[in-house]
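Beneath this line is the structure, given in structure tokens, with notes to follow.
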Amino acid sequence: MKFILFFIIIFYLISYINCIKLELTDITYNDLGVSTPYQHNRNPDDLTGVACSFYLMFYAVDIEDTINSGEAINFTSQNYPGPFLHQLSNKTAKITQYDISIPIGSTILDVIAQYENAQTSINVTLNCHENDFSKITVKVFKNSIDFRPLFPYPALVKLQGPFYNNIRSISAVGIPYGISSFLVFTTQPYLIDSFNITIEFINSNALNITIPQFFEYNINNDIILNRFPNQTQFYEMGRYYSPLYTISSSGDLPIYRTNSVNSVNPKAIYGSPNNYTFIGSVTEPDSNKKFFLQTLNGNKFENITTNLFTTINVLPFYRIPLLADFTYSTSTDLSTMFTAYYDSSSKYDFSTIKYTLKEYNLKLAWPFGFENGNNNAHKLIVSFPFSNYSSQYYDTFSVSVISGSVLGELIPVNLVTTNPLKILSFEIIYLYDFNVLVKVKINSNVSYKYEEFSYIDILGEKFGYDKCVSNEDQNPSFEILVNSWNLFEKIEISDLSGYIITYDMGSFVDINPPKRLMHPLVMAENDIFSIENVTFLYNNLNVIDKNVPNVMSFNYSDVTNTRKPFGLYILDETSGFLNKYDEKSVFFSKWNPIKKMYEIEFFVGANSREGVLPWMLMGGNNNAGLINSFLPHSCQLFINQSKFDAYGPIFTNITKTSSYGLKPELLVDWEFHIRDEVNGFERGYIEIRGDFDSSLYRFTFTNANLRQGDIYNGVYIYTQIISLNNVCNIQNYTITNVELYDRFGNSAKFSTISERVDVDPTRNPFILFGDDPNINKFQTDCNDTVDDYPPKLLSFSFENRMETTQSILFSFSAQCIDSGIKFAQYPIVYATSSQFKTVQCISYIDFYNTTYALYSCHMDIPFGFGYKNEILFSVYGFINNGGYFSGFSTEYLKTNSFPYSISNIPLYRKLSVEKTSSITNKGGDLWIIGREFDINSWVFVLYTDGKPNDSLYPKELHSTAILVSGIKPTIHPFTIQVRHITNGTLASNNYRVDPLIFIYPEDSSSTSSTSSSSTSSSSSSSSSSSSSLSSSSSSNETTPSPTSLPTNAPQKCKGNPICGGLNGYCSSSGCVCYSPWVGEDCLSKVIIVPQPSTNTSQPSTEIPIFDDNNSESIMFKSLISIVSLRELDFNDKQVNQYKFDKWTYSKLNETTNQYFTNITIQPSASNNFKSSITNITATLQWFNKETNITFANEQLQMKPSSIKYTIEISQYKFSNALNKLQLVMSASLTSFKGDDNNICSFNKFGETTNGDDSEYIKIQVDDHSLYGRFIKRAFIDSKIRSISNVQLDSSFENPSSSSSTSSQLFIGIEIPIYNDNVIIDPDFSVLIDSKAASNSDDNSICSSSISKLSKTQLAGIIIGSTLFGLIVIVAITYYVINKRKNTKMINRIQNKLKKVNK
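The sequence shown runs -19 to -1, 1 to 1379 under mature numbering (1 follows the signal peptide of the UniProt record, and there is no 0).
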């Protein structure tokens, strides 16, 4: 029996061994990720040149899946025994690494894999080839200074052969640049003679290379130097904004230098050939040093001046104390809230404060953290959540500022040991334009909560559950869009304890089958020397006042994948190239299958510098770029005609004037004089802050806000409200941020608080005021109230809507009894997560009086924010009129029993579109980036140019990216929406796509007559071709005035009291109301009503107003609708009318709905007897909170509970060129109060007074009104043009119907003749009025009870009627008697005449 049992055991063991079937594979990869198994070739890489190093990878697997531990597989080699290093294993497989160095020659390496008694083996051939340096070839590409090089390197050297990695030394300094090439530069700053360099290889081999002469420049006597300021002492206005100088020279590329360490060579900013002006800076914070300026003359530098600047007075830095207090309080089982406190007496300069917790960083400026005080002395308190558990002995927290001062703290934690997270699958997919999609799936089968996933780190950016696409609770999958302009060589994964595991590129992440982290082959490094035959569609360009489209074509000699991306950077002075990737400034390639070449469509900027246009062609992944100056003359692009201007607008004067209004309120008028003599000013943004209390005022304006002059030299005014009650603190108000742009994108920027890397001192709009440190300051003149009791927080609450709309609604109030709460300052609510991310919500004011304010804000929480943890809240930024601010940390809210956090945060999954790839007017493919895409997704495309709409199915699909083909050619914006096939209610937001418009002339022989792209201005200016930085304009030529847009005439301030007392103030244009008050007298207040139900059949809105005491009892009802479209002749006679019967409805999001219809224009002689279709799209958006929007360059404030109609009309075939369109809208308000015996109604139409240059309608019934605003401008053919609005009277075929309880009004929006499309933008809101409608109001209709006359009135009428009757009787009697007398007299005279005749 024992023998039989023994036999059975042996039988099973033999069967088990026979079932194990090992398979061994060589999986060594070369640098490009291409497998070359079993045979490998290398050249010697040691110092003697006699041995080669090989790094081999092998994979063994039991293909029968019978073993239980792949790690137990043993690797050996009989002829070269050595350590096989374990890389990765699972139950049935193992990957190992073997490093070996062998001498020159061929070697057979035997590799054996063994598991128990099962084994297998392979042979691998290793070839170590002797270096044959005679086969090395060298190419030298001269850098031509005539082609305006980006880098001052004399040459680019290319070594061809397999030996470039054996270089030991180069006699000249070389920078690796691409595949087997390097840039050469010398110890001489500029190469004026040719010279030789020596390249030494291993084993004492060497090559001598001649580098040709690079540059020579002879000084001229026409140099004109200007200093800004024109004195040797300089006062810094903003951090790192150093003194400037300009040089006018007859040389196109002169070389200048200073003895300032951080200075940059001057760059051209305006002028013409042989008369350019260059600007430079002296960027060095040295308070007592002489700076000289030199220019290259032949082979040496000569002085232009030895006394450029002597004293540079820099601004003091804000510093924080070295010590702080900390408290800790447990919030949840996973996280703790800690709070840091410190007091500072260093003057706060508005700079950013950096908070660091472990590997997380957060940068925030005032008001975050500032609990109380002023900028001279204050207390800062901040609260953050952090994990209770850590894989480190302690966690670190620090606070730092730009000055370098730092405070820190070691945070106590519970030390834990965790199992590292593992990548289950990994893939990088190339999408478009250097963008790749990183797909990662992570094993989250953990034992403890602190072992759960926290983030993925790529290139220092951390991605959490915001990128999760599925299975968030177990083995989550992530999709991350990464721009591979910067090559990432690793990814890091962290759990909640902070334990990080790193995966390097090339390492294995999967074993069945083996899979590495590899970049897509399409993104492999480019060999710039393989780019050939560079040509341009047009050359010798005329870029005067227009952006000129063009096409670059080129070959790539090793095209294995035509999707390989190239990006073109235009590097001239107008391009704004900052040596960092900016997707918006790059033009990308497409493969032309017919020409079998790459093509790149691009624009040459308006008024670029004449001569050769500098550019660089890049391939992503940190690839070296092909720079135009290394190419011959035949590959260059030339500009022949231009009015060169690469400098942004500047201030020529700023005046500040204070005044008192009627309340009295303290006002400051800032008058900005802005000049841009060539391109003309387009838009600007200015921030003003209080030096003592950090109060903030923002001013956004465009050339449409011009008060005097023109866009080339104009005046713009901003009125700042300091105080409403003449109570204020004397302090300086300082301009801290400025951005000014000209019509072609050149900018001038200034900031007092930027970091050095963000500052370009040569683009300072205050260039003329370096000697006046107070030009950007104004000191208030008031009663100098000091109130060190800042506002108190009375209430703080929120409504959590995370489950439905991923949002939170906050409501809070504050009080300051003594000096009062400062007007027009908006506290900010902060939401903070444990990953040191924040969401900010700027509040708006629901109610305000001098001592009390009620605030609210609507915070949208990003997807994944705070998931599986908690979110902490805080609110900062309250200011009183006495110069003190206050804020309230999470710790304060918690201690004072206010709600302060939320947890159990859901992932609110919603179909959405976030961005798209670029697309041209030719149409074609479009990548759509968003969320929640799946196999049931399809794309609806709505065109605005009359083309039929499309339903497109994905050509390529991922959870966050869709590729569709078949977008129709169009020069108009179009709208896309991702929808669900089987569930019609699932649809994304509507996303507008603006195509890049490339329109080329039919005659391609020259571009001197090329018309500009329709995306840019084509207007021409006769201004001087050179600009001036002197205090007055040097141009003697005139410039045309910009097209005028309508502005409202000044009006008399109305109301009792004037402008509603505290509800507004009186300005030159009339009453300007403080929110929520509106109207010409600021006596009507916007009321908050629920969002109305959606009408899915037509774009009409019915807004019910309910009784405050009965939520189901409707008191009033308003109705807004679109009635018809009319074509009118020049006499306003109706030619055609189109009524809208059927609309197609689609829901864009919770607050926005869209309606689409079309009309058919019947055949006639005017349209060549062909019918045509005009599309009308109406987008209705409801605003729950006060929101600032921009339409047609006009800043508009949308009140809460208001609805905006955005109406777009496509091409319309007019019957006559003198005709126009009129869009008719109806608005009505009806009372349902039930008491009709004491009620009146009226309507009014007029111009607004708050500066938005609009017209309004007001329909009032009793004490409620419907208020509509009609802006007097529109987008017509993509340009801003004026329109008019008219109140339609009874001549309209649908006359309005009104009574004492109901009033209706028809408004006609009149649109001049156009070519392509029109967009208009009226809006409506509901008001409650301080004064009910009465019979004293113009056009009022009152009930019969109000119309009945009193006894006194009746008596007066009776007496008056009696007297009138008596007068009539007397008059008639007199008339009869007198007539009889006259008849008798006439008869007597006639009888006498008869007798005489006889």
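Every residue gets a Cβ at the ideal spot worked out from N, C-alpha and C, and that includes glycine.
Judged by beta-carbon spacing, Asn356 lies within the 9 Å limit of Phe673, meaning their Cβ atoms are closer than that value.
Under a 10 Å Cβ-count criterion, Ser1078 is classified as exposed, with fewer than 16 other Cβ atoms of the shown protein chains found around its own Cβ.
The beta-carbon distance between Tyr226 and Leu274, rounded to whole angstroms, is 7 Å. This is short enough to meet the 8 Å contact definition.
Comparing alpha carbon positions, the residue from Asn353, Phe680 and Leu3 closest to Thr700 is Phe680. Nearest in C-alpha terms to Phe725, of all of Ser824, Ser589 and Val810, is Ser589. CA-to-CA, the gap between Leu137 and Met599 works out to about 16 Å. As the crow flies, the alpha-carbon of Lys903 is around 15 Å from that of Pro982.
Bridge pairing for Gly389: Ser379 [DSSP]. For Lys875, the uninterrupted alpha helix (DSSP H) segment begins and ends at Thr871 to Thr876.
For Asn104, the enclosing beta strand (DSSP E) stretches over residues Ala99 to Cys109. Residue pairing from DSSP places Trp596 in a beta bridge opposite Ile551.
Contact annotation: Met840 and Ala805 have beta-carbon atoms that are not nearer than 9 Å. Excluding residues up to 5 positions away in sequence, Gln1135 and Thr1187 lie with their Cβ nearer than 6 Å to the Cβ of Thr1160 in the same chain. Residues of the same chain with a CB within less than 7 Å of the CB of Glu736, apart from the 5 flanking positions on each side, are Ile383 in chain order. Three or more Cβ pairs drawn from the region 336 to 351 and the region 359 to 367 lie within less than 8 Å of each other, which places the two stretches in contact.
Secondary structure note for Arg129: it is in no beta strand (DSSP E), with a DSSP letter that is neither H nor E. Under a 10 Å Cβ-count criterion, His359 is classified as buried, with 16 or more other Cβ atoms of the shown protein chains found around its own Cβ.
With contacts defined as CB atoms closer than 9 Å, Phe921 and Val856 fail to qualify as a contacting pair.
When the alpha-carbon of Ala605 is set against those of Ser898, Thr1282, Val1053 and Asp508, the nearest one is in Asp508. Each residue's CA atom was taken as its position, placing Ser1317 and Val1070 some 29 Å apart. Residue Ser326 holds the alpha-carbon nearest to the alpha-carbon of Leu303 among Ser316, Thr287 and Ser326. Taking Met1179 as the centre and dropping the five residues before and after it, the same chain places the C-beta of Phe1164, Glu1167, Thr1168, Asn1169, Ile1170, Lys1185 and Asp1304 closer than 8 Å to its C-beta, in chain order. One thing to note: Leu412 has its Cβ within 9 Å of the Cβ of Trp908.
A distance of 9 Å or more separates the beta carbons of Ile525 and Pro595. Per DSSP, Ile798 is not a residue of any beta strand (DSSP E), being assigned neither H nor E. A residue is called buried when at least 16 other Cβ atoms come within 10 angstroms of its Cβ; Thr1082 meets this threshold and is buried. Rounded to the nearest angstrom, the gap between the Cα atoms of Met504 and Phe415 is 8 Å.
Taking a cut-off of 8 Å on C-beta distances, the region 821 to 840 touches the region 1038 to 1057, as three or more cross pairs fall below it.
Measuring C-alpha to C-alpha distances from Ile1240 to each of Asp1234, Arg1250, Gly86 and Ala1198 identifies Arg1250 as the nearest. Restricting attention to Leu402, Asn850, Gly479 and Lys123, the CA atom closest to the CA of Asn885 is found in Asn850.
Cys838: member of the beta strand (DSSP E) spanning Tyr833 to Asp841, first to last residue. The three-state secondary structure of Ala136, taken from DSSP, is strand. With a threshold of 16 other beta carbon atoms within 10 Å, Cys709 meets it and is buried. Around the Cβ of Thr1141, a 10 Å sphere holds fewer than 16 other Cβ atoms; the residue is exposed. Straight across, the Cα-Cα distance linking Gly927 with Gln1192 is about 7 Å. The alpha-carbon of Phe535 is positioned some 5 Å away from that of Asn514.
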